[in-house]
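Let me begin by presenting the structure, written as structure tokens, before commenting on it.
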Ligand SMILES: Cc1cc2nc3c(=O)[nH]c(=O)nc-3n(C[C@H](O)[C@H](O)[C@H](O)COP(=O)(O)OP(=O)(O)OC[C@H]3O[C@@H](n4cnc5c(N)ncnc54)[C@H](O)[C@@H]3O)c2cc1C
Ligand SMILES: *[C@@H]1O[C@H](CO)[C@@H](O)[C@H](O)[C@H]1NC(C)=O
Ligand SMILES: *[C@@H]1O[C@H](CO)[C@@H](O)[C@H](O)[C@H]1NC(C)=O
Ligand SMILES: *[C@@H]1O[C@H](CO)[C@@H](O)[C@H](O)[C@H]1NC(C)=O
Ligand SMILES: *[C@@H]1O[C@H](CO)[C@@H](O)[C@H](O)[C@H]1NC(C)=O
Ligand SMILES: *[C@@H]1O[C@H](CO)[C@@H](O)[C@H](O)[C@H]1NC(C)=O
Ligand SMILES: *[C@@H]1O[C@H](CO)[C@@H](O)[C@H](O)[C@H]1NC(C)=O
Ligand SMILES: *[C@@H]1O[C@H](CO)[C@@H](O)[C@H](O)[C@H]1NC(C)=O
Ligand SMILES: *[C@@H]1O[C@H](CO)[C@@H](O)[C@H](O)[C@H]1NC(C)=O
Ligand SMILES: *[C@@H]1O[C@H](CO)[C@@H](O)[C@H](O)[C@H]1NC(C)=O
Ligand SMILES: *[C@@H]1O[C@H](CO)[C@@H](O)[C@H](O)[C@H]1NC(C)=O
């Protein structure tokens with residue numbers, strides 16, 4: 001959902017940032033040294049010592065599970081004592097947080113606070129409050145909904161799929177300690193940046209979490225050369241907690257880039273992952289490394305597009321900077337006299353998807369199922385480097401078709417000098433925190449080539465009959481314009497439409513039958529979408545948590561290579577996330593109707 005830009009930074013607008021050579025950020029110079037270990041007690045030293053991924057005996061010895069066959073879970077005899085947590089906290093210089101669920105203030109058992117609870121009830125949909133909380137994630141559904149904000153203080157609030165402890169990281173050393181501690185104790189490890197991810201991948205019951213929010217330094221590099229990637233030009237280095245909003249407009253560096261990252265500039269510059277020149281990270285063995293076109297090249301390839309929380313904890317990312325581009329944005333709403341007419345109007349739009357993508361256009365629109373006639377909101381028809389007149393000329397043939405259908409268009413055209421103000425004025429902060437089950441698909445360009453073809457009609461029929469309260473759609477292309485080699489799902493290169501279905505149900509208290517019906521609805525509609533787009537895929541950052549054949553659908557032809565790299569880098573399967581690379585080895589045991597993070601992670 002919601003567009004993200006971080007590839008459209010105007011170098012000129014950033015004179016406030018100092019320019020300097022590509023040295024590590026100060027928080028990256030604070031590292032765990034082998035000598036630090038000797039000053040600790042022997043037992044603690046063992047728990048925070050490095051791993052050796054190339055020593056198979058050490059690797060298997062440290063893939064610790066409890067006697068239950070699951071990751072060590074609170075209540076297990078292997079769970080560290082309070083004293084051990086306390087000692088660990090000291091090595092972290094006090095950065096360890098014991099999880100307090102975001103909405104606990106609404107419950108008498110947790111110390112009821114009416115002021116705070118009322119604030120949460122009123123602002124639950126605002127992503128900012130979840131970003132600022134160490135453990136909250138924006139899909140409470142997949143947390144298990146065990147502590148929703150409520151006006152009734154008599155209910156129960158439990159941790160559910162929230163992690164047990166969080167390291168509020170401000171140095172690389174703390175991250176190394178956390179990674180080593182989790183690996184050596186056998187506790188589940190998770191990573192949270194903003195918590196925007198759709199499928200609950202930023203949390204997990206009984207986990208130790210690394211929170212990257214405060215790794216937010218930004219540096220402008222006027223000139224950077226990458227001979228392998230054939231780039232010579234300005235760049236930005238940003239901490240993984242940088243919310244691109246700090247820079248230009250929106251969401252997080254950490255997970256967004258790792259998963260590919262699409263934006264309004266994708267038709268022109270490609271995916272966010274295509275912009276990356278290097279990344280610094282703490283790998284599963286606890287070491288701090290750089291991955292670039294010349295160092296740790298397999299890891300570098302994998303890190304760009306195959307999803308967060310798989311290869312380590314990223315601490316900073318260096319990306320290409322692009323010059324500012326003027327953008328014309330068109331906004332309008334559409335409905336029709338009948339549902340049939342409405343969909344004819346949409347079909348007329350589809351005829352131009354390839355032409356628009358090739359002209360560098362990105363558009364973002366919602367279709368609300370509002371019987372008897374659906375309603376479309378064009379959030380932004382985004383035309384970089386185009387005047388109002390040029391943009392109107394592109395829209396003219398479609399608008400003529402709409403006029404013939406008596407569908408009124410009252411469009412507003414605004415031209416902005418650069419993408420930043422265009423972005424701020426176009427895309428409102430989106431509501432989060434709802435109980436929706438989503439699914440998505442990247443429909444292939446090929447299907448849009450001939451509006452009279454059977455495949456065009458079949459694709460349109462599958463889409464327009466989706467049993468969903470809402471369609472969130474993008475006319476978007478993300479060609480590999482820089483010709484880089486990375487792990488972005490190949491289907492991204494061939495698409496002109498990314499579309500998300502969302503099926504909501506009333507609330508946390510929905511009955512088992514209601515949840516099941518919503519789940520089955522998405523499963524059925526997803527099946528129809530896949531049937532008309534064989535060989536395509538889905539964007540792992542905004543996808544169905546129960547995606548069938550996720551290996552193929554989220555990673556395509558890259559999957560085999562990704563798994564082979566995973567085995568080398570992370571023989572412990574320390575970084576596990578649902579539908580992540582190599583995640584077949586384990587699953588979360590939950591007693592809930594819907595798959596979620598509310599239970600121990602168990603090896604199968
Ligand atoms: C309202 C809304 C709008 C959205 N709009 C877009 C959009 O326009 N384009 C788009 O591509 N996506 C969009 N998304 C999806 C979102 O970008 C992805 O879910 C993305 O993964 C979020 O990344 P994040 O950095 O904010 O981190 P999180 O959501 O916190 O984390 C995402 C994943 O990355 C992992 N992770 C986080 N930080 C790190 C790190 N430092 N090192 C390693 N792993 C890490 C997490 O464990 C998790 O698996 C949207 C989501 C929402 C809710
Ligand atoms: C890691 O293990 C390999 C294989 O046993 C060994 O050759 C190597 O020296 C070890 N590395 C370290 C740093 O201990
Ligand atoms: C860790 O130490 C800090 C500072 O001493 C303290 O405020 C915090 O509560 C401790 N965390 C835990 C989980 O005990
Ligand atoms: C209750 O919450 C408010 C708002 O977050 C805060 O200012 C206040 O200190 C809290 N009261 C108590 C008793 O913790
Ligand atoms: C909560 O419990 C108290 C005491 O038992 C009772 O007075 C109150 O009515 C209850 N509130 C609700 C909303 O049920
Ligand atoms: C996390 O660390 C930052 C930076 O030190 C601090 O400002 C913030 O209050 C901490 N957050 C929590 C919840 O402890
Ligand atoms: C914008 O248009 C100008 C002039 O046609 C061209 O030089 C420039 O490369 C274009 N910029 C982008 C981002 O396409
Ligand atoms: C068209 O939209 C503008 C706002 O964008 C509004 O001021 C105007 O009244 C609308 N005109 C019609 C005919 O609806
Ligand atoms: C596809 O639908 C159009 C009407 O939108 C129709 O004219 C055309 O014949 C259909 N093509 C096929 C192959 O069914
Ligand atoms: C793109 O890169 C590949 C190697 O990764 C190379 O073979 C090919 O020639 C490049 N194409 C262009 C247009 O530069
Ligand atoms: C559509 O989905 C709803 C649940 O969201 C379900 O109750 C209904 O039966 C579904 N309809 C069809 C035709 O599948």
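In my numbering, the protein residues as written are 1 to 604. Glycine included, each C-beta is placed from N, C-alpha and C at the ideal position.
Say yes only if the C-beta of residue i is nearer than 7 Å to one or more non-hydrogen atoms of ligand 3, and no if none qualify.
| i | result |
| --- | --- |
| residue 168 | no |
Residue i: buried (16+ other C-beta within 10 angstroms of its C-beta) or exposed?
| i | result |
| --- | --- |
| residue 29 | exposed |
| residue 568 | exposed |
| residue 594 | buried |
| residue 597 | buried |
| residue 152 | exposed |
| residue 468 | buried |
| residue 234 | buried |
| residue 55 | exposed |
| residue 131 | buried |
| residue 368 | exposed |
| residue 67 | exposed |
For ligand 7, is there a heavy atom less than 7 Å away from the beta-carbon of residue i?
| i | result |
| --- | --- |
| residue 264 | no |
| residue 459 | no |
Alpha carbon to alpha carbon, how far is residue i from residue j?
| i | j | result |
| --- | --- | --- |
| residue 260 | residue 519 | 26 Å |
| residue 93 | residue 215 | 16 Å |
| residue 280 | residue 561 | 21 Å |
| residue 408 | residue 336 | 8 Å |
| residue 492 | residue 41 | 51 Å |
| residue 363 | residue 36 | 52 Å |
| residue 230 | residue 396 | 39 Å |
| residue 389 | residue 333 | 20 Å |
| residue 6 | residue 167 | With a pLDDT of only 40 at residue 6, under 50, the local geometry of the prediction cannot be trusted, and no value is derived from it. |
| residue 547 | residue 553 | 8 Å |
| residue 522 | residue 91 | 46 Å |
| residue 572 | residue 183 | 8 Å |
| residue 236 | residue 581 | 28 Å |
| residue 417 | residue 376 | 28 Å |
| residue 357 | residue 255 | 26 Å |
| residue 401 | residue 351 | 11 Å |
| residue 589 | residue 204 | 11 Å |
Inspect the beta-carbon positions of residue i and residue j and report whether they are closer than 8 Å.
| i | j | result |
| --- | --- | --- |
| residue 202 | residue 190 | yes |
| residue 607 | residue 144 | Residue 607 lies beyond the stretch modelled for the chain, which goes from 1 to 604, so this question has no answer here. |
| residue 445 | residue 495 | yes |
| residue 629 | residue 193 | Because residue 629 is not part of the residues shown, which for the chain are 1 to 604, the question remains open. |
| residue 575 | residue 284 | yes |
| residue 509 | residue 266 | no |
| residue 209 | residue 149 | no |
| residue 176 | residue 314 | no |
| residue 373 | residue 399 | no |
| residue 535 | residue 489 | no |
| residue 366 | residue 472 | yes |
| residue 301 | residue 487 | yes |
Give me whichever residues DSSP pairs with residue i in a beta bridge.
| i | result |
| --- | --- |
| residue 539 | Paired residues: none, contrary to the question. |
| residue 218 | 238 |
| residue 319 | 236 and 276 |
| residue 503 | 437 |
| residue 475 | 363 and 497 |
| residue 292 | 278 |
| residue 126 | 431 |
| residue 552 | Residue 552 pairs with nothing; no bridge assigned. |
Taking 7 Å as the line, does the beta carbon of residue i fall inside it for any heavy atom of ligand 11?
| i | result |
| --- | --- |
| residue 524 | yes |
Taking 7 Å as the cut-off, is the beta-carbon of residue i closer than that to any non-hydrogen atom of ligand 8?
| i | result |
| --- | --- |
| residue 410 | yes |
Report whether the distance from the Cβ of residue i to the nearest heavy atom of ligand 9 is below 7 Å.
| i | result |
| --- | --- |
| residue 464 | no |
| residue 453 | yes |
Between residue i and ligand 6, is the CB less than 7 Å from at least one heavy atom?
| i | result |
| --- | --- |
| residue 269 | no |
| residue 97 | yes |
State yes or no: is the C-beta of residue i nearer than 7 Å to some heavy atom of ligand 1?
| i | result |
| --- | --- |
| residue 379 | no |
What I want to know is whether the C-beta of residue i ends up closer than 7 Å to one or more non-hydrogen atoms of ligand 4.
| i | result |
| --- | --- |
| residue 115 | yes |
Should residue i be listed as close to ligand 10, given that the test is whether its C-beta is under 7 Å from any heavy atom?
| i | result |
| --- | --- |
| residue 485 | yes |
Hey, is residue i close to ligand 2, as in C-beta under 7 Å from one of its heavy atoms?
| i | result |
| --- | --- |
| residue 54 | yes |
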